[in-house]
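J.:
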Amino acid sequence: MNIVFFGSSEFAVSSLKALAIAGHNILAVVTQPDRKMGRHLRLEATAVKKNALGLNLKILQPENTNLPETLNFLKELNADLFIVVSYGQILSKELLALPKIFAINAHASILPKYRGAAPINWAIIRGEKVTGVSIIKITEKIDAGPVILEREIGICNEDTSITLREKLSRLAADLFLEAARVIEKDDYKLILQNEQDVIFAPKLKKEDGLIDWKSSSADIYNLIRGSLAWPGAFTYYKGKMLKIHKAKVSSRVCKFASSNPGEIMEVSKEGIVVFTGKDNIIIEELQIEGKRKMNAEEFVAGHKISIGEMLGVKK
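Each residue of the sequence shown is one higher than the one before, counting from 186 in the numbering used here.
Here it is as structure tokens:
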């Protein structure tokens, strides 16, 4: 099929590679412009652009995909299908009308659950055991188009937003190949989403990572896993922000008759054990404001931590 591929982030790379390897004619790759990144503000290409260059594909990087000059360029390509995944811009009605068939998108959830910018994060944060990928026909309403294909996968207890994103990226690539096959044969159905079952997954804000120690240990563990890449789960220790990178749930019996959520229960090489609203959390990797990430043993060796001290207090 003659395809224009829209994508920017690492999540989209597997799909681009799979379509190219399968022999589809990628007429052009549309991706976000190069941006200044990192401490030294060096100009960086998107992950998709880097891979498109390696595949010798035509690349387009408009600041606004919906401007007339971009629409005219894409119209001239006369594509059968637009494939969109993790692109980063909203496509106009005029642009969506350009391909001979239509435009499709991969969304990292089983729709209509977790519409929005952060479906992977919120699925973990809210303790879901199953997620997946939906291939939908794109409509003007974001993530609301009819479903063409979907496939579920389990969320492992050790999965983080990073590991789950990698799994779903590979799944999206497989489903795009299947979608291209059934669309080319005109052997598919468009299944409308049930608007009454919609759950939203908005972009995470910095404050979404703040740990409420009155929550259960399971909820806190899910927050740590689900917010790992951004914004990161954090608390405060002696007035400084403390990021928690890795932890595990513990039902260890309390050694104190009086305990408060956020209170440090034990300190050892294994980790820092903290009371929660239900059970305990053992912190294994953490990072105090202004310092590098450390395992618990390193952190304890460099800080005077006492049993009974409180986490979560911002002075």
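For every residue, glycine included, the Cβ atom is placed at its ideal position computed from N, Cα and C. Quick caveat, the model's predicted, so the values are computed rather than measured.
1. Over what stretch of residues does the beta strand (DSSP E) that includes residue 420 continue unbroken?
2. Would you mind working out which of 324, 306, 338, 498 sits nearest residue 423, comparing C-alpha positions?
3. Whole angstroms is fine: what's the gap from residue 396's alpha carbon to residue 385's?
4. According to DSSP, is residue 477 part of a helix, a strand, or is it coil?
5. Identify every run of the alpha helix (DSSP H) within the segment 266-303, keeping only runs that are complete inside it and at least 4 residues long; order them along the chain.
6. Express the C-alpha separation of residue 479 and residue 343 in angstroms, rounding to a whole number.
7. When the Cα atoms are used, what is the spatial distance from residue 487 to residue 476?
8. Given a cut-off of 8 Å on the beta-carbon distance, is the pair residue 262 and residue 269 in contact?
9. Check the DSSP bridge columns for residue 450 and list the partner residues they point to.
10. Should the segment 362-381 be regarded as contacting the segment 271-285, the criterion being three or more beta carbon pairs within less than 8 Å?
11. Tell me the residue span of the beta strand (DSSP E) that contains residue 177.
12. Could you give the C-beta distance for residue 454 and residue 482, rounded to a whole number, given that I count them as a contact under 8 Å?
13. Mapping DSSP to helix, strand and coil, what is residue 472?
T.: Straight from the coordinates:
1. As a position in the sequence shown, residue 420 is number 235, starting the count at 1. Counting along the chain, the beta strand (DSSP E) containing residue 420 begins and ends at 418-422.
2. What you label residue 423 is simply residue 238 of the sequence shown in a count that begins at 1. For residue 423, the nearest C-alpha among the options comes from 498.
3. Mapped onto the sequence shown, residue 396 falls at position 211. Mapped onto the sequence shown, residue 385 falls at position 200. One C-alpha to the other measures close to 21 Å.
4. In the sequence shown, counting from the first residue as 1, residue 477 sits at position 292. Looking at residue 477 - three-state DSSP - the assignment turns out to be coil, as it is neither helix nor strand.
5. 278-281
6. Taking the first residue of the sequence shown as position 1, residue 343 is located at position 158. Taking the first residue of the sequence shown as position 1, residue 479 is located at position 294. Roughly 19 Å between the two C-alpha positions.
7. Against the sequence shown, residue 487 aligns to sequence position 302. Against the sequence shown, residue 476 aligns to sequence position 291. If you take the alpha carbons of residue 487 and residue 476, they lie about 11 Å apart.
8. The residue you call residue 262 lines up with position 77 of the sequence shown. The residue you call residue 269 lines up with position 84 of the sequence shown. In this structure, residue 269 does not lie closer than 8 Å to residue 262 by Cβ.
9. Position 265 of the sequence shown, counting from 1, holds the residue named residue 450. Answer is none; residue 450 lacks a bridge partner.
10. no
11. In the structure as shown, the chain starts at 186 and stops at 500, and residue 177 therefore has no counterpart that could be examined.
12. Translated into positions along the sequence shown, residue 454 becomes position 269. Translated into positions along the sequence shown, residue 482 becomes position 297. Right, their Cβ atoms sit about 5 Å apart.
13. Sequence index remark: in the sequence shown, residue 472 carries index 287 (1-based). Strand at residue 472.
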